[in-house]
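S.K.: Quick one: this structure, given as structure tokens, is what I'll be asking you about.
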Amino acid sequence: MSCQEPAESTGATLTSQARIALIGSPNAGKTTLFNQLTGLRAKTGNYPGVTVSRRTGAASVGGKTVTIEDLPGTYSLSPVSPDEQVVADVLNGQLVEAEPPDAAIVVMDATTVERSLILVGQVLDLGLPTIVVVTMVDELADRGGFIDKAALQSILGVPVIEVVGTKGIGVDDVRGLLADPTAWPRPVITPPADPAGQAAWIDSVLESVLHQPPAGHKKTAAIDRALLHPVLGVVIFFLVMLTFFQVIFTVAKPLQDWISGLFDDAGTWVEENIAWEPLASLISDGILGGVGTVLQFLPQILLLFLMISFLENVGYMSRAALVMDRAMGKIGLEGRCFVSLLSSYACAVPGIMSTRTIPSSRDRIATMMVAPLMTCSARIPVYTLFIAAFVPATMVWGPIGLQGLVLFGLYLLGTLSALVIAGILKRTKLRSDKLPFYMEMPPYRMPGARLVLTQCWDSCKYFLRKAGTIILGTSILLWILLHIPVVTPPPELNEQQATSYQLQHSVAGSVGRAVEPVFAPLGFNWEINVALIASMSAREVFVSTLGQITAAQSDDDSDITTSLQNDTNPDGTPVYSPGTVAAILVFFVFALQCMSTIAVMRRETNSRRWPLFAFCYMFALAWVGGFIANTVVTAMTS
Amino acid sequence: MAKRTSTVTPGSLAGLAPGESARIDRVEGFDDPVGQRLSHLGFLPGTMVTTVRRAPMGDPTIFELRGNQMCLRIAESNRVLLTVDDLDSP
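Taken in sequence, the protein lines are chains A and B. Positions 1 to 638 (our numbering) are the ones given, in order, by the first sequence. Positions 639 to 728 (our numbering) are the ones given, in order, by the second sequence.
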């Protein structure tokens, strides 16, 4: 346990802090209770050897501290998914600690008492000191339901506490009991495990607690009538998706411009105020240019996570999964895979992490293998830069312009290829295992702002850490590689040609030229190759690298768009011919240019083979696609 | 609305039309993972279950039982067999 504690003899019963497992089914209000018991001092990480994220937090009461472990939501202690396996293993003392936890809190949604009792019965069977927390009692009362808490307590033989998580009612009662969890009573009754026995046990419990089930959730029924209507439901679904993307682009744009302006100003200030030119260039072109290019996407990513978290907690994501399940079933996946793929439009990293809710490991791997093909926000800078610079802004039909169509086409190409490849994988290597498909439809509930913001912040932290580490590191490294070794350019070159000469003869330039034979069929020159290699750290780096190269080459302060348009080969032809631009765009649709995605895939599949496979097949698609794009577009435009 | 193409087992939950209720007789193969999970989700003998609505494309279907809504595909709901004489009574 904690290494700051004074040395004590080992053994679970003698450890300084009691460990309490928090168990409950999804949507039962477990996470809200956890946040309230532990404040925002949760530690997130991963369970050793598996891919399930672990949340632990400390709760202090009466000078004593206990550790609460927020176990993944589960309907049953007989596992069928990795998340559920973790729950079972932690409770059996086969994971994290060699001993089972000291006590258990089982969370039970008052509006679904009948079903929740099954899990409660299984937890009681463990024989741990246990308390039962009944959540959503306010909703039960509003909907005309009833349970007798005192009777429930006496029939279960363990303390029962009612809470209203969103209002914080009852949380102090739970906290009061935390001081000495080992003193909680162990259950005396052990409910039967066979279906008929379970059903009888549940019925007897329900009878003695005078259970009145709540009336149907009227709001939910009304909303579902519209949202799941055969025609209207599909229309609304597409409208929600459309709004989703529209908000990301339009609302985030001013914020994005503001951040990018901030970094530009900082760069200018550095250039004016730092006298030693190499240092000024490193800070302004290398660090501020590189990190700034990426950080300007923070508003988009923040909004996207905010919307995903909101839609998830309000209950819409389950409906979206339901609407899409049949279509996803056609390619051998299920509705929840759609939600993961949808998140991958923001970033494949959270998309891949969200596959944990998919019970079937084969469906999970298939989803992870294609998630990077969904157009993530890191591709947006590449797409928008090249489309704005090289695709004419002509109107094709009404308000629909050619630029928008090309962007839409790139999204469509990525999405369709993801579905096709998932279909192929599911028909070959990942043919379905026989796991049941089931999904709870929670009633629509307005989530607490704190829950949504906490989840959103957790995801953004990951992005910021990436910008602060991987992208900062690459930016500095790349700047150095572009500037060493220092060569003396031939005297007849002008200043701009001299800079270009230096860049070409730098370490990065040499690498870019060494791989020229590989990328020549796609129409890429050494600059593009350098940027491609650099963008392995993250796709956004492609733009910042080209920015660094062209900024160094261009004579004045022209922006990157103009520099790209004016960039020429030694023979005077433009570097960015239509064929090359098409090849770059198509290459970015397919290529797995992202170390973070590869790393998270490695972690989530717990294998090296799958990320390697993903990288190779996507590179092959990218190269072939780029080659075809270059050939076709060159033929069409010449 | 799309047609429900998969085969529906007669007398199973898959055949219960939206709005209708019935009592569960048993779940086929409750000792395999699928059947066991269905019973842990509340599909237990004697439980009343109502078909709420089908997804816009006809499958999966939302069922209401034991106070909450759970959706299953035809393949799973085929395994939940209903008590015959209860089929038409509420």
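From the three backbone atoms N, C-alpha and C, an ideal C-beta is built for every residue, glycine too. None of the values given here were measured: they were computed from a predicted structure.
Just to confirm, is the Cβ distance from A:VAL107 to A:GLY29 under 8 Å?
M.R.: Translated into the one-based positions of the first sequence, residue 107 of chain A becomes position 107. Translated into the one-based positions of the first sequence, residue 29 of chain A becomes position 29. Judged by beta-carbon spacing, A:GLY29 lies within the 8 Å limit of A:VAL107, meaning their Cβ atoms are closer than that value.
S.K.: As a quick exercise: from A:THR182, A:GLU84 and A:GLU99, pick the residue whose alpha carbon is nearest that of A:ILE105.
M.R.: If you number the first sequence from 1, residue 105 of chain A lands on position 105. Out of A:THR182, A:GLU84 and A:GLU99, the CA that lies nearest to the CA of A:ILE105 is found in A:THR182.
S.K.: Could you check what DSSP says for A:ILE584 in three-state terms: helix, strand or coil?
M.R.: On the first sequence, position 584 is the one that residue 584 of chain A refers to. Residue state, collapsed to three classes: helix.
S.K.: What do you reckon, are the CB atoms on A:THR367 and A:ALA422 nearer than 8 Å?
M.R.: Here residue 367 of chain A refers to the residue found at position 367 of the first sequence. Here residue 422 of chain A refers to the residue found at position 422 of the first sequence. Yes, the pair counts as a contact, with Cβ atoms nearer than the cut-off.
S.K.: What residues match up with A:ILE161 in a beta bridge as DSSP calls it?
M.R.: Along the first sequence, read from residue 1 onward, the residue named residue 161 of chain A stands at position 161. Paired residues: A:VAL133.
S.K.: Is A:GLY144 helix, strand or coil by DSSP?
M.R.: Position 144 of the first sequence, counted from the start, is the residue given in the question as residue 144 of chain A. In the three-state DSSP reduction, A:GLY144 falls in the coil class, being neither helix nor strand.
S.K.: Within 10 angstroms of the Cβ of A:GLY73, are there 16 or more other Cβ atoms? Answer buried if so, exposed if not.
M.R.: Residue 73 of chain A sits at position 73 when you count from the first residue of the first sequence. So A:GLY73 counts as buried.
S.K.: Kindly provide the ranges of any beta strand (DSSP E) runs that are 3 or more residues long and lie completely inside the region 47 to 123 of chain A, ordered along the chain.
M.R.: Whole beta strand (DSSP E) segments, 3+ residues: 53 to 61, 64 to 70 and 103 to 109.
S.K.: Counting contacts by CB-CB distance shorter than 8 Å, is A:GLU139 in contact with chain B?
M.R.: As a working mapping, residue 139 of chain A is identified with position 139 in the first sequence. For A:GLU139, the answer is no, since every Cβ of chain B falls outside 8 Å of its Cβ.
S.K.: Please name the residues in the region 667 to 678 of chain B whose beta-carbon is closer than 7 Å to at least one beta-carbon of chain A, in chain order.
M.R.: Those residues of the region 667 to 678 of chain B that come within reach of chain A (Cβ to Cβ, closer than 7 Å) are PHE668, PRO671, VAL672, GLN674, ARG675, LEU676, SER677 and HIS678.
S.K.: Could you work out which residue in B:ASP697, B:CYS709 and B:GLN707 is closest to B:VAL646 when comparing CA atoms only?
M.R.: The count along the second sequence starts at 1 and reaches residue 646 of chain B at position 8. Distance from the Cα of B:VAL646 is smallest, within the candidate group B:ASP697, B:CYS709 and B:GLN707, for B:ASP697.
S.K.: Could you tell me the alpha carbon to alpha carbon distance between A:ARG431 and A:MET369, rounded to whole angstroms?
M.R.: Within the first sequence, residue 431 of chain A is the residue found at index 431, counting from 1. Within the first sequence, residue 369 of chain A is the residue found at index 369, counting from 1. Using only the alpha carbons, I get a separation of about 14 Å.
S.K.: Could you tell me which residues DSSP pairs with A:THR367 in its beta bridges?
M.R.: Mapped onto the first sequence, residue 367 of chain A falls at position 367. The partner list for A:THR367 (beta bridge, DSSP) is empty, contrary to what the question assumes.
S.K.: So, does the CB of B:THR721 fall closer than 8 Å to a CB anywhere in chain A?
M.R.: Start at 1 with the first residue of the second sequence, and residue 721 of chain B comes out as number 83. Output row for B:THR721: interface = no.
S.K.: Is the separation between the beta-carbon of A:ALA88 and that of A:PRO129 shorter than 8 Å?
M.R.: The residue given as residue 88 of chain A occupies position 88 in the first sequence. The residue given as residue 129 of chain A occupies position 129 in the first sequence. Against a cut-off of 8 Å, the Cβ pair of A:PRO129 and A:ALA88 comes out as no contact.
S.K.: Let me check understanding here. Comparing Cα to Cα, which of A:SER577, A:VAL632, A:LEU522 and A:GLU527 lies closest to A:TRP655?
M.R.: Nothing can be reported for residue 655 of chain A: it is not among the residues displayed for chain A, which extend from 1 to 638.
S.K.: Could you name the residues of chain B that A:THR112 contacts, counting a contact when the two beta carbons are closer than 8 Å?
M.R.: Residue 112 of chain A sits at position 112 when you count from the first residue of the first sequence. Residues of chain B passing the Cβ test: ARG704, GLY705 and ASN706.
S.K.: For the alpha helix (DSSP H) holding A:GLY409, just list the boundary residues, first then last.
M.R.: Locating residue 409 of chain A in the first sequence gives position 409, where the first residue counts as 1. Element bounds for A:GLY409: 402 to 427.
S.K.: Would you check if the distance between the CB atom of A:VAL543 and the CB atom of A:VAL391 is smaller than 8 Å?
M.R.: To locate residue 543 of chain A, count along the first sequence from 1; it is residue 543. To locate residue 391 of chain A, count along the first sequence from 1; it is residue 391. Contact: no.
S.K.: Which ranges does the alpha helix (DSSP H) cover as unbroken runs of at least 4 residues, wholly within the region 425 to 508 of chain A, from first to last along the chain?
M.R.: As far as the region 425 to 508 of chain A is concerned, its whole alpha helix (DSSP H) runs of at least 4 residues are 449 to 466, 472 to 483 and 495 to 504.
S.K.: Excluding the five sequence neighbours on either side, which residues of its own chain have a C-beta within less than 7 Å of the C-beta of A:LEU255, listed in chain order?
M.R.: Here residue 255 of chain A is taken as the residue at index 255 of the first sequence, counted from 1. So the qualifying residues of the chain are PRO299.
S.K.: Does B:GLY696 get closer than 8 Å to chain A when you measure Cβ to Cβ?
M.R.: Here the question's residue 696 of chain B lines up with position 58 in the second sequence. So yes, B:GLY696 belongs to the interface.
S.K.: Buried or exposed: which applies to B:SER727, given that a residue is buried once 16 or more other Cβ atoms fall within 10 Å of its Cβ?
M.R.: Locating residue 727 of chain B in the second sequence gives position 89, where the first residue counts as 1. Because B:SER727 carries a pLDDT of 46, less than 50, the predicted location of this residue cannot be relied on, and the following value inherits that uncertainty. By the 10 Å Cβ count, B:SER727 comes out exposed.
S.K.: Select from A:VAL160, A:ASP109 and A:GLY63 the residue whose C-alpha is nearest the C-alpha of B:ARG704.
M.R.: Counting from one through the second sequence, the residue named residue 704 of chain B turns up at place 66. The shortest Cα separation from B:ARG704 among A:VAL160, A:ASP109 and A:GLY63 belongs to A:ASP109.
S.K.: Compare the Cα-Cα distances from A:ASN27 to each of A:GLU271, A:THR605, A:THR568 and A:THR111 and report the closest residue.
M.R.: Along the first sequence, one-based indexing puts residue 27 of chain A at 27. Residue A:THR111 holds the alpha-carbon nearest to the alpha-carbon of A:ASN27 among A:GLU271, A:THR605, A:THR568 and A:THR111.
S.K.: By DSSP, does A:SER535 sit in helix, in strand, or in coil?
M.R.: In the first sequence, the residue the question calls residue 535 of chain A occupies position 535. Reduced to three states, the DSSP call for A:SER535 is coil.
S.K.: Does the structure place the region 116 to 123 of chain A close enough to the region 197 to 216 of chain A that three or more beta carbon pairs sit under 8 Å?
M.R.: yes
S.K.: Excluding five sequence neighbours on each side, which residues of the same chain lie with their C-beta closer than 8 Å to the C-beta of A:SER228?
M.R.: By one-based count along the first sequence, residue 228 of chain A stands at place 228. First, the amino acid is wrong: residue 228 of chain A is Leu here, not Ser. For A:LEU228, where only same-chain residues beyond five positions count, the Cβ hits under 8 Å are ARG319, LEU322 and VAL323.
S.K.: Report, in whole angstroms, the separation of the C-beta atoms of A:PRO639 and A:VAL633, which I expect to be a contact under 8 Å.
M.R.: Because residue 639 of chain A is not part of the residues shown, which for chain A are 1 to 638, the question remains open.
S.K.: Suppose the cutoff is 6 Å on Cβ atoms and the five residues either side in sequence are ignored; what does the same chain contact list for A:SER417 look like?
M.R.: In the first sequence, the residue the question calls residue 417 of chain A occupies position 417. The residues are LEU373.
S.K.: Answer yes or no: does any C-beta atom of chain B fall closer than 8 Å to that of A:GLU440?
M.R.: Numbered from its first residue, the first sequence carries residue 440 of chain A at position 440. For A:GLU440, the answer is yes, since a Cβ of chain B falls inside 8 Å of its Cβ.
S.K.: Is the shortest distance between the beta-carbon of B:ARG661 and the beta-carbons of chain A less than 8 Å?
M.R.: Position 23 of the second sequence, counted from the start, is the residue given in the question as residue 661 of chain B. For B:ARG661, the answer is no, since every Cβ of chain A falls outside 8 Å of its Cβ.
S.K.: Closer than 9 Å by beta-carbon distance: list the chain B residues that pair up with A:LEU322, in chain order.
M.R.: In the first sequence, residue 322 of chain A corresponds to position 322, counting from 1. Result: ALA693, PRO694, PRO698, ILE700 and CYS709.
S.K.: When you compare the CB of A:VAL589 with every CB in chain B, is at least one pair closer than 8 Å?
M.R.: Locating residue 589 of chain A in the first sequence gives position 589, counting from the first residue. Cβ-Cβ to chain B under 8 Å: no for A:VAL589.
S.K.: Count the other CB atoms, across all protein chains shown, that sit within 10 Å of the CB of A:ASN630; report buried if there are 16 or more and exposed otherwise.
M.R.: Mapped onto the first sequence, residue 630 of chain A falls at position 630. Burial call: buried.
S.K.: Tell me whether A:GLU5 sits in a helix, a strand or coil according to DSSP, three-state version.
M.R.: Residue numbering aside, residue 5 of chain A sits at position 5 when the first sequence is read from its first letter. Any reading at A:GLU5 must be qualified, since the residue scores a pLDDT of 36, below 50, and its modelled position is unreliable; the value itself is stated next. Residue state for A:GLU5 is assigned as coil, using DSSP reduced to three classes.
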